[in-house]
Structure formats: structure tokens, C-alpha cells
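Using the numbering used here, the first residue of the sequence shown is number 5, and each one after it goes up by one.
We put the beta carbon where it would ideally sit given N, CA and C, even for glycine.
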Amino acid sequence: MAKQILIIGAGPGGLASAILLASQGVKVKIIERLPIVGGRTSSIEADGYKFDLGPTFFLYPRVLEEIFRVAGAELREEIELVRLDPQYRVQFGGGGEMDCTPDVARMEAQISALSPHDAPGFHRFLFENRAKLALMEPCLETSFEGWRSVFNKRLLRMLPMLRPHQSLDTYLKRFFSDERVRLAFCFQSKYLGMSPFRCPSLFSILSFLEYEHGVWHPIGGCGAITAAMARVAHRQGVEIHLNEPVGRDSFCRSQGHRNSHRQPNLQGRRSSGERRFCPRHAEAGSGQTAATLDRSEAGWKKVLLLDFHDVSRDRRPLRPAAS
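Structure, rendered in C-alpha cells:
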């Protein structure tokens, strides 16, 4: 009998898992509490415009391209992606602004307008973080199944470059002296819910990814990505059940066999009102995200109006986690 897998949640993680499992011949069913797929990448629509409820732009398409190819699909055939240049405009509460661009010469000019002696640091930042990402990539794509997995020779050899004792802001002082320039390269730690004054310096690769691999806008918003993933999963035979919340899940071990696997016992599922996912419910819309995009002669750009006063107040030193 073919293996059967039940996944709770039709967000990006659940859909990606379903695609990868189904490509291996596994029968997969997804249960989703909401009437739509998407999870944190859901969107709402009003007056012909779509508004993302979670992320508003997309980084590092390579990983998702690989997932789609496993299912025999191509990401850029399923979704229209536009690379933004400028990527976004940062306006500082203390004065000044930057139109952040992946074009090195233009970006150095943007930095120079705020702090002329910081402009050469941009090239050094890219060079060092390119090497950091190349070293980190194998580890980022490795499963860590326990605390022993963390203490391996590959990770230990990287410690000098990772600088685990430094915060992201402290690390960036090696390249930029002006606080405003540093903030433009570390606000990405907020994607992780962390202050740049406490976030480990490893995460400088987040802003590096933006400049090296681009900031992308999926036409129809980020919800268009998970809608496309749902369509691909559906073509693979994955069942997606919407409007079906799980109140509690518990796992019980079968009696009588030492190596028996854990069997899920789902309780509190509401079957009334359930509907099966249909591909037409996941069609990517064509409206731009009005709140975050501006169409000009120079092309698409994302406008971020950022005031870092609230971030700047959080200057507590980076402390090691309690043992």
C-alpha cells in the first residue's frame, strides 16, 4: 500500500512539502483552516487591487525553482516575476533617503550622497558576504536533527567568518560608519523579528541576497506564489481540503511492537462547510499591489517609508543564550 501523508496547513511550507512528497509517489492530503491557500502569504482584494497580508516581495527564487522542477513545472511559467530596480526607497526619520539598487556604481553614488567615505564599503560588503554565503549554503541546506548535528567540523571551520559574537549592526561598522547607511543594510533583520542590534551578524546575508540575486515582485502579490504551488500540487494528485481546522492533534504509539511508528489521532476537526481545493480558486491575479508598488518610466520600484527611531532605541548588547 502506498504511503499516505497528512499535512496541516496550506501555507508555503505545507505546499512545498506536499509537492516534494508527491513527486516521490506519496499520497498527500493537506488540511487547511482557512477558505483559501497561502497561510502567511495570503492576500485580500479590493477595487481590483491585491494587498499582501504577509511578505510583500520575494527573495532568492532558486530554491522555489528547484521545488517546481521536481514536479515537472517551471516557476516563471507559473508566475510572472518582475525584478525591482530600484529595489526600494529608504527614507530615514533623521533625514535623507536612498534608492537602493543592485547596480554597484549607482548604489555607491546613493551611499556617497549620505556619507562619501562609506561608498567603497559597498563593494567590500558584497565581496565578503558572497564568500560567506558560499560557505554557508551547504549548511543551510542540511538537516539538523539534533544538537549533535550543530557541532560538526564544517560549521566550526566557518566560525571566524560568521563572527557569532557580533551583532549585525556591529559587523556592518566594518564597512559603513554612517548609522543611516548601516540601517539600510540591516533592517532586513526585522524580517526575522529581530533587532539589528541583537541579531547575529550571520544574517548580513539577507541584505546581500537582495543585491546579489534581486528583489522580486510576483504579479498578483506574494499570494500568487502559493496559489501557483497549490496548482502544481493539485496536478500531482495532492488533495487540499479548505475550511477544515484542526482543534487538537495527538500522537499515540501502537501497542505490541517496539519499533511501531506514531499514528496521528486528529480531534476537533470540523467537517461542515469543508470544500475541496479547485485550481480555479488559485488563479494568480493580475493587479499590482497598490500599497507597495509604483509604476514609473524607470520601471517598477517598491517604496518603503521607514522610520528607524523605534529600531534605534533597542541598543541592548547581544547576549549569549542562557544555558
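The alpha helix (DSSP H) enclosing residue i, as first and last residue numbers
i      : result
Val236 : 227-239
Leu38  : Leu38 -> no alpha helix (DSSP H), and no H or E assigned at all.
Gly17  : 16-27
Segment limits, beta strand (DSSP E) that includes residue i
i      : result
Pro222 : 219-222
Gln8   : 8-12
Glu243 : 243-246
Beta carbon of residue i nearer than 8 Å to that of residue j
i      : j      : result
Pro16  : Gly52  : no
Ser208 : Leu160 : no
Arg184 : Phe96  : yes
Ser27  : Gln192 : no
Leu118 : Met140 : no
Ile34  : His245 : yes
His217 : Leu63  : yes
Glu214 : Arg37  : no
Ile71  : Leu24  : yes
Ile229 : Thr60  : no
Ser211 : Cys226 : no
Classification of residue i by the beta-carbon crowding that lies within 10 angstroms, buried from 16 upward
i      : result
Ser147 : exposed
Lys54  : buried
His238 : buried
Ala288 : At Ala288 the pLDDT is 33, less than 50, meaning the model places this residue with poor confidence and gives no usable figure here.
Ala14  : buried
Val315 : Since pLDDT at Val315 reaches only 42, below the 50 mark, its modelled position is unreliable, and no value is offered.
Ser181 : exposed
Gly76  : exposed
Ala302 : In this prediction, Ala302 scores a pLDDT of 40, lower than 50, which makes its location untrustworthy; the coordinate-derived value is nonetheless stated afterwards. By the 10 Å Cβ count, Ala302 comes out exposed.
Arg235 : buried
Cβ-heavy atom distance, residue i to the ligand NAP, below 7 Å
i     : result
Tyr92 : In the structure on display, the ligand NAP does not appear, and there are no ligands present to speak of.
Whole-number beta carbon distance between residue j and residue i, since they are thought to touch under 8 Å
i      : j      : result
Pro168 : Pro204 : 6 Å
Alpha helix (DSSP H) runs contained entirely in the stretch 44-131, provided each spans 4 or more residues: Fully enclosed alpha helix (DSSP H) runs of 4 or longer: 66-74, 79-82, 108-118.
Taking the runs of the alpha helix (DSSP H) that are 4 residues or longer, which of them lie wholly in the stretch 119-207? Here the runs fully enclosed are 124-144, 151-154, 157-166, 172-176, 183-190.
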